[in-house]
Ligand code: SF4
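Residue numbers (the working numbering): 1 to 306.
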């Protein structure tokens, strides 16, 4: 790669490429007159030797990242600004909403009137982060689209990845028991995860993966409009609440997220390894029940249990 190209320029180019990729523009070409153009040109094989040939009229997105052409991008002949100041002054109104979509991380006002179907359709066969390479199935989330209670876990495990449903393994069975202990049926609540694709070896999702995936979860939560969100485990709690503190510092306390009350408790998988923590979780769930106006179901007699 040309050593004279600056690193910030490449970062800017990469940001533009990601943005255009989201718009469905996956390749770039230059017309024979020499002006730079963007569009869905047919992809071409990578050039030999790993270096871009700038005299070639066509090059693919990866090559374009290493060329100065992307620093002055265009759509349909409209030159896009390349700095924030220029963007604010020059951006054509028809492109403004595309370049400045509302950020769910920066606004207290998530999009309204969205449905889970719209969000699922936007997600598509997502390749926004590297977890797509090893997943079997996207685990979008399941349950009542108007639930008062939403559970958020960390990410799919093996069983979830195979079935495309959250919390279906041993931990899922325990979660179902927890929900029923609250006097609810599983289909009355909504269950989702911070990331929708299984991390390899069940490792915790990494920062870039969470950054790519969590906006969809936030949109799901906004569309459902629950009263209460229960974070299951530290990964869910830390990411939803934006903290790096250990869950033991804030477990069982109430927080706000876009009008919903959020409480963190231990993950059912943790309870399988540490059954003594079940009492703590039951105390947390009872706090959620109090907000939701739920009374615990009557205890079954030993004859009914048999
Ligand atoms: S984890 Fe989320 S962002 Fe990453 S590929 Fe899967 S659905 Fe897309």
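The C-beta atom is built at its ideal place from N, Cα and C for all residues, glycine as well. Since the model is a prediction, treat every value here as computed from it, not as a measurement.
Discussion item. Here's a check: name, in chain order, each residue in its chain whose Cβ is nearer than 6 Å to the Cβ of residue 268, leaving out the five neighbours to either side.
Written reply: Setting aside the 5 residues that flank it on each side, residue 268 is surrounded in the same chain by 171, 174 and 175, each with a C-beta closer than 6 Å to its C-beta; the list follows chain order.
Worksheet item: Mind checking residue 187: buried by the 16 CB within 10 Å criterion, or exposed?
Response: The residue is exposed, with fewer than 16 neighbouring Cβ atoms inside 10 Å.
Fill in: Unbroken beta strand (DSSP E) run spanning residue 159, endpoints
No beta strand (DSSP E) contains residue 159, which is instead part of the alpha helix (DSSP H) from 158-163.
Worksheet item: Going by the beta-carbon positions, is the gap between residue 206 and residue 199 smaller than 9 Å?
Response: For residue 206 and residue 199, yes; Cβs fall inside 9 Å.
Discussion item. Rounded to whole angstroms, what is the Cα-Cα separation between residue 40 and residue 210?
Written reply: With a pLDDT of only 41 at residue 40, under the threshold of 50, the placement of this residue in the model should not be trusted, and no figure is reported.
Worksheet entry | Exposure label - residue 118; buried when at least 16 CB within 10 Å | Of the other Cβ atoms in all chains shown, fewer than 16 fall within 10 Å of the Cβ of residue 118; this residue is therefore exposed.
Worksheet item: In chain order, which continuous runs of the beta strand (DSSP E) of length 3 or greater are located wholly inside the segment 178-220?
Response: For the segment 178-220, whole beta strand (DSSP E) runs of length 3 or above, ordered along the chain, are 190-193.
Worksheet item: Is it true that the segment 243-250 meets the segment 218-229, where meeting means three or more beta-carbon pairs spaced less than 8 Å apart?
Response: No, the segment 243-250 is not in contact with the segment 218-229.
Item to complete: Give, in chain order, every unbroken run of the beta strand (DSSP E) that is at least 3 residues long and sits entirely within the segment 113-149.
Response: Restricting attention to beta strand (DSSP E) runs no shorter than 3 residues, the segment 113-149 encloses none.
Worksheet item: Which of helix, strand or coil does DSSP assign to residue 36?
Response: Residue placement at residue 36 is poorly supported in this model, since its pLDDT is 41, which falls under 50; the coordinates still yield a value, given next. Three-state result, residue 36: strand.
Worksheet item: Cα separation between residue 126 and residue 132?
Response: So the alpha carbons of these two residues sit roughly 7 Å apart.
Discussion item. Using a 10 Å radius around the Cβ and a threshold of 16 neighbouring Cβ atoms, would you call residue 60 buried or exposed?
Written reply: For residue 60, the predicted model reports a pLDDT of 34, less than 50, meaning its position is unreliable; a value from the coordinates is still stated below. Per the 10 Å Cβ criterion, buried.
Worksheet entry | Classification of residue 244 by the beta-carbon crowding that lies within 10 angstroms, buried from 16 upward | A residue is called buried once 16 or more other Cβ atoms fall within 10 Å of its Cβ, and residue 244, having fewer, is exposed.
Worksheet entry | Endpoints, beta strand (DSSP E) assigned at residue 229 | For residue 229, the enclosing beta strand (DSSP E) stretches over residues 228-232.
Worksheet item: Which word fits residue 238, buried or exposed, when buried means at least 16 other C-beta atoms lie within 10 angstroms of its C-beta?
Response: So residue 238 counts as buried.
Discussion item. Let's see if you can read the secondary structure: which residues bound the beta strand (DSSP E) around residue 326?
Written reply: Lying before the first or after the last residue shown, residue 326 is absent from the chain, which here runs from 1 to 306.
Discussion item. Measuring alpha carbon to alpha carbon, tell me which residue in 241, 266 and 265 is nearest residue 257.
Written reply: Closest by alpha carbon: 241.
Practice prompt. Just the C-alpha distance for residue 277 and residue 290, rounded to the nearest angstrom, thanks.
Written response: Residue 277 and residue 290: Cα-Cα distance of roughly 20 Å.
Worksheet item: Comparing the CB of residue 120 with every heavy atom of ligand 2, is any distance shorter than 8 Å?
Response: This structure simply doesn't include ligand 2; it includes ligand 1 instead.
Worksheet item: Where do the ends of the beta strand (DSSP E) carrying residue 257 lie?
Response: Annotation for residue 257: the continuous beta strand (DSSP E) segment containing it runs 254-257.
Discussion item. Quick check: what's the CA-CA separation for residue 165 versus residue 141?
Written reply: CA-to-CA, the gap between residue 165 and residue 141 works out to about 7 Å.
Item to complete: Assuming residue 190 and residue 224 form a contact by the criterion Cβ under 8 Å, report the distance between their Cβ atoms to the nearest whole angstrom.
Response: That belief holds up - the Cβ atoms of residue 190 and residue 224 are roughly 6 Å apart, short of 8 Å.
Practice prompt. Would you check whether ligand 1 has a heavy atom nearer than 8 Å to the C-beta of residue 132?
Written response: Residue 132 Cβ: within cutoff of ligand 1.
Worksheet item: In whole angstroms, what separates the C-alpha of residue 222 from that of residue 283?
Response: Residue 283 has its alpha-carbon roughly 27 Å from the corresponding atom of residue 222.
Discussion item. I'd like to check one pair, residue 151 with residue 194: are the Cβ atoms closer than 9 Å?
Written reply: No, Cβ-Cβ distance for residue 194 and residue 151 is not below 9 Å.
Practice prompt. Confirm the yes/no value for this check: CB of residue 231, any heavy atom of ligand 1, distance under 8 Å.
Written response: No, ligand 1 has no heavy atom inside 8 Å of this Cβ.
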